[in-house]
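The next block holds one structure in the form of structure tokens; read it before the comments.
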Amino acid sequence: GESVGLHLPTLSVQEGDNSIINCAYSNSASDYFIWYKQESGKGPQFIIDIRSNMDKRQGQRVTVLLNKTVKHLSLQIAATQPGDSAVYFCAENIGGNQFYFGTGTSLTVIP
Amino acid sequence: GAGVSQTPSNKVTEKGKYVELRCDPISGHTALYWYRQSLGQGPEFLIYFQGTGAADDSGLPNDRFFAVRPEGSVSTLKIQRTERGDSAVYLCASSLNRQGGYTFGSGTRLTVV
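Protein chains in written order, with the working numbering: chain D, 30 to 140; chain Z, 138 to 250.
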């Protein structure tokens, strides 16, 4: 199967600081990636996506970076807020219908 | 509806019993997915429907698991002879296409005792 892993299972940041969540993937054929946010008791929620023909994409307060050379993704959250506390997953797709999810990183924002 | 609806939100069943989990996708979404999420893990793919047919059921762990989507909208995931290892959150998601990923429901937490 595929291997999508996260370097840090937990991350604590001060409110207002920037957060960086990392993800390694193993399949060089993956061409589409999504970051999801999952709050307790809820399903994963789409945050931002990126295609393999890009190396950076920005959204509102979030930026995803893709380094295909080392098969690494990161999610940067600017000015982290308490509402950002959640588990964050990266998910990869190889062109079919399945997304392969990593284990997740738990982000805690300290007020 | 506005989102993906899953019922029940929680289900406790005895080992060996049969359970059905229901998913109402977003209206108009032709693609429907079932994933299973164990504690502390990311979701794992079970099955994908495009319309009424199961286009990909490669993630179903064994023949105790079955899913249907008879009219191309609501889907039911069925688990026979439940085992304690089946305990997990079962997530349903729907989409129009791959772009933008899926919209997930809140899941059904299944506990087999």
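Beta carbons: idealized from backbone N, C-alpha and C, even for Gly.
Since we're looking at a predicted model, the values are computed, not measured.
For the segment 169 to 183 of chain Z, the set of positions with a beta-carbon nearer than 9 Å to some beta-carbon of chain D reads Tyr-170, Tyr-172, Gln-174, Gly-177, Gln-178, Gly-179, Pro-180, Glu-181 and Phe-182 in chain order. When only Cα atoms are considered, Asp-78 (chain D) and Tyr-54 (chain D) end up about 15 Å apart.
When the alpha-carbon of Ala-230 (chain Z) is set against those of Z:Gly-222, Z:Ser-210 and Z:Ser-195, the nearest one is in Z:Ser-210. The count of Cβ pairs closer than 8 Å, one atom from the segment 161 to 175 of chain Z and one from the segment 222 to 241 of chain Z, reaches three, so the stretches are in contact. Contact check for Asn-147 (chain Z) against Arg-218 (chain Z) fails: the beta carbons are separated by 7 Å or more. The three-state secondary structure of Asp-46 (chain D), taken from DSSP, is coil. Boundaries of the beta strand (DSSP E) harbouring Glu-181 (chain Z): 181 to 187, taken from the DSSP string. Pairwise C-beta distances place the segment 90 to 98 of chain D out of contact with the segment 152 to 164 of chain Z, as fewer than three of them are shorter than 8 Å. When the Cα atoms are used, Ala-115 (chain D) and Gln-67 (chain D) turn out to be separated by approximately 6 Å. Every beta strand (DSSP E) stretch that sits fully inside the segment 212 to 243 of chain Z and reaches 3 residues is listed by chain position as 212 to 216 and 225 to 232. Judged by their CB atoms, Val-249 (chain Z) and Thr-144 (chain Z) are not nearer to each other than the 7 Å cut-off. Taking 9 Å as the cut-off between beta carbons, the residues of the segment 187 to 202 of chain Z near chain D are Gln-187, Ala-192, Asp-193, Ser-195 and Gly-196, in sequence order. Around the Cβ of Arg-221 (chain Z), a 10 Å sphere holds fewer than 16 other Cβ atoms; the residue is exposed. Proximity of chain Z to Gly-88 (chain D) at the Cβ level (cut-off 7 Å) is not reached, the minimal Cβ distance being about 12 Å. Take the alpha-carbon of Gln-127 (chain D) and the one of Tyr-185 (chain Z): they are about 8 Å apart. Cβ contact annotation for Asp-194 (chain Z) (same chain, cutoff 6 Å, sequence separation greater than five): Ile-184, in chain order. Minimum Cα-Cα distance from Ser-135 (chain D) among the listed residues D:Ala-108, D:Asp-84 and D:Tyr-65 corresponds to D:Tyr-65. Annotation for Ala-120 (chain D): the continuous beta strand (DSSP E) segment containing it runs 115 to 122. Each of D:Asp-84, D:Gln-43 and D:Ala-107 was checked against the Cα of Ile-139 (chain D), and the nearest Cα belongs to D:Gln-43. Nearest CB-CB separation between Ser-243 (chain Z) and chain D: below the 7 Å threshold. Each residue's CA atom was taken as its position, placing Lys-85 (chain D) and Lys-152 (chain Z) some 48 Å apart.
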